[in-house]
Every structure is written in structure tokens, then in C-alpha cells.
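Written out below as C-alpha cells is the structure these notes cover.
Numbering (the working numbering), first residue to last: 26 to 468.
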């Protein structure tokens, strides 16, 4: 199941193995770059947008640290994106393309074993010091050795970074690495070496850190609010990747302990924007005059992000779930249509792919290179992969699902599960079908 509701107010191709290195202003994993070397702004950004105003956002939870790069503590949202610059900037209207932000030139070796970035000479920290190759080397090292374990895993195929010129830094990959690595390296948010030397990177802190990005922190009260203020002389303000973005003078996140209080605060006009992900609240909590009057706008916003999934996940290390027929049977027993109508206000859509709402979602029968790869595994993957597109079981939503339950019973019977004295029991092992469900909930 997936839900995509929001509440609001108002690469030249990645170089395959080739004779020469790739050099460019951007890089893409799949296709040619949409934007040429002389582009002025992303099409989805308005270069003439006024820069003014305060944007108040309601947020659920709390925070106790301003170091978003370690395991300890809880940090406010958007810190890294607002305070720091990355080597490259992802284009939201392309599948996987990035363009230079801190870097003005990208070179990738023919064998994809390294990427070399030439940093922009105008790039600087908020204290006026320049962003240097030493900062890139420091960032990679400290994140992998002292940062959240995620970074050591995510950048595990990066062997090292080394300075090769006054403004040039080379990031070297391990043997047998994949073609995504130059783009993964480009996502690195660079930290100031001169600021963090002498400070304990492994500890939480409420001292606003030094950044180079479009905003800086000007006010903070742990667990209550954080205010980001736009840097008037931000060095990257007029970069093509930034033009028309970062337009609010101030962005403030106000914290609320629970959803109910936050919704009431929104209706009272205490903040400007809330992203709603509860179908119940979307359907029932905003029936107020302000919505009718248009002063509070309730609007579902389309987006191009992969929606992921909301589901029960089977632990296939358990023998009963290792048999796909059991999993299929439980799928037949789940009445999505009734659940959607009676519990989710008809607002959910059935998930048919782990990459739903993206170009990576499967459609129809496998063809071309995909089919060629699958043919090597014929007999090891289900036969229906080659004969039909996946569709989950469905019902008419009435709650009468005997046809589906009969299909489920046949699958369980074929898997060796029989009804014995009213209990679903495996005929060979004598094991009783028991399912333990682990939920994450505040209630």
C-alpha cells in the first residue's frame, strides 16, 4: 500500500569502459544530461522568485543535538541540506543526474576507478575561508571513522581521497566497483576541517556548526524550535544548480509532541505548512472554515519520488515463510479493497512494485536486456515471471472473499498445511501455524 498526500499552504551518459576519461560539468548514470554546460537554472526552479519572508513548519517529535552526522542524539530536519554544500547537486527532473555545485569540473577515469573534482575558487565557508581539497579529504575520513555507521557502509567502496592540485581532489574507488560511485561520491556534504579540528566530532552539541551553504542557524531551543536564516552573501547563490532556490529569508521548524496538537496549531494559524501522511487525518481533521474560505489550502501534491511501501514483511528465515506458497496464501487472505474503503478512506493505492511511482517500476512482461538476464535463471525464478505481469489479489471490497480464501486454502494445502482439530498444522512437522507480528507504534 502507498499513500502520497501532502498538505501545503499556498549525464552525458556515465562513461562505460572507454578509451578516454570522461570530463564534464555534470554526470548521469543512464542517459545524456538534460542540461548543457551553459544552462542557467533547473527548469523546475523560478530564477525570478522573490527572496523574502519567513516559512514556519510544524514538526513532530523533539531534538537534542546539532550534529546530524553521528549516531548519538536526535537532530532537526534539513540541517545538512541547508547548512552545507555537496560536491554535486542532483537534478530532480532526471532519473540519476548530478551537476557541479562545489565543483566546476568532473573527470571520471575510463575504468571508473576514480573521479576527480575541481573545486570552484569562489566556494567559501561562512567565516570567509575557502573550501579546499583538504576539507573533502577530512570529511570523507571523519565520516567513515567517527560518523554514523551508515557513512562507513555507504562509502565503503571509496578507498581514499587525495589532493592532486590547488583546487583538485581525487576520490579513488576499490576494485570491481560499480558505475554509481562517481555519483555517490558527489553527494558528499563537505565539512570544514578548520572548524572541527579541536572539537569532538563524536559528541552531541547545541552549538550551531559552521557551514558553507545557503542558510545558517540563528536561533535554537532544544526540543522546541530551530531557525535557519538565509545567508545574504552566500557564495553559491547564483550557481545554475541554485538559481531560483532557497528563497525564504528564514525557515523555522516548530516542534510539537503529537499529531493532534500539531493539527490544531495549524488550524489556529500558528505555522504555515504541514505534510500529512495519515489518511484518517486527511479525511477528517481539516473540515474547518479556513479551508472553505481558502485561507488554509488542503492540496494533494503529485510527485515523482518512489513511494516505497507500507506493508507487513515476512521473515523468510522462518521455515513457514520460506515457502512462497504460504506467503501467497496470506496475500489472498488480505482484503485490501475492504481495508482501504473502511479504514483508509479510499485514499491508498495498492503497491505493485518496490519502485512504485518511478521509472524503475516494472511494467508488463520482461523484454530486451531484462528478459535476457532472467532467462539465465529460468527454473529458479517463478514461471509466471515470463508469462504475466504481477498483479496482487483483489476483491470487490464487500468483505466477502470466499473465492480468495479458497485459493489461499489450496496453496496452504499444497505446502503441507492442513486443518487438524480446527488448527492449521503442518502435516510432516506437526508445527502449528502461528504468526508473531512486530509493530512500531506510539500507542
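Backbone N, C-alpha and C fix where the C-beta goes; we use that ideal spot for every residue, glycine too.
All values derive from a computational prediction rather than experimental measurement.
Item                                                                                                                                                                          : Value
Suppose the cutoff is 8 Å on Cβ atoms and the five residues either side in sequence are ignored; what does the same chain contact list for residue 227 look like?             : 95, 97 and 171
On the three-pair Cβ rule with 8 Å, is the segment 278-288 touching the segment 52-69?                                                                                        : no
Please list the terminal residues of the continuous alpha helix (DSSP H) segment that includes residue 163.                                                                   : 158-171
In whole angstroms, what separates the C-alpha of residue 454 from that of residue 356?                                                                                       : 23 Å
Nearest to residue 269 by CA position, among 71, 388 and 45, is which residue?                                                                                                : 71
Spatial neighbours of residue 244 within its chain, please: C-beta separation below 6 Å, excluding the five flanking residues on both sides.                                  : 252
At least one CB of chain C closer than 8 Å to the CB of residue 135: is that the case?                                                                                        : Among the chains of the structure shown, chain C does not appear; only one protein chain is present.
Nearest to residue 189 by alpha carbon, out of 49, 302 and 144?                                                                                                               : 144
Between which two residues does the beta strand (DSSP E) carrying residue 129 extend?                                                                                         : 128-133
Is residue 464 helix, strand or coil by DSSP?                                                                                                                                 : coil
Taking three-plus beta-carbon pairs below 8 Å as touching, is the segment 341-350 in contact with the segment 432-443?                                                        : yes
Counting only the same chain and skipping the five closest in sequence on each side, list residues whose C-beta sits under 6 Å from that of residue 502.                      : This structure leaves residue 502 out entirely; the chain is present only between 26 and 468.
Would you mind giving the Cβ-Cβ distance between residue 230 and residue 90, rounded to the nearest angstrom? I have them listed as a contact below 8 Å.                      : 6 Å
Apart from the five residues just before and just after residue 132, which ones in its own chain have a Cβ nearer than 6 Å to its Cβ?                                         : 46, 48 and 141
Which residue comes first and which comes last in the alpha helix (DSSP H) that contains residue 473?                                                                         : No answer is possible for residue 473: the residues shown for the chain start at 26 and end at 468.
Measuring alpha carbon to alpha carbon, tell me which residue in 315, 313, 111 and 324 is nearest residue 299.                                                                : 324
According to DSSP, which residues form a beta bridge with residue 214?                                                                                                        : 111
I'd like the list of long-range same chain contacts for residue 76, defined as Cβ closer than 6 Å, with 5 residues on each side in sequence excluded.                         : 272
Residues in its own chain within less than 7 Å of residue 79 by CB, not counting five upstream and five downstream?                                                           : 273, 274, 275 and 277
Going straight from the alpha carbon of residue 380 to that of residue 287, what length do you get?                                                                           : 31 Å
Buried or exposed for residue 406, please, with buried defined as at least 16 other CB atoms from any protein chain shown within 10 angstroms of its CB.                      : exposed
Enumerate in chain order the residues of its own chain whose CB-to-CB distance from residue 158 is below 6 Å, with the five nearest sequence positions on each side excluded. : 188 and 194
I'd like to confirm the pairing. Which residues does DSSP put opposite residue 275 in its beta bridges?                                                                       : 79 and 254
Exposed or buried, which one is residue 341 when buried takes at least 16 other CB atoms within 10 Å?                                                                         : exposed
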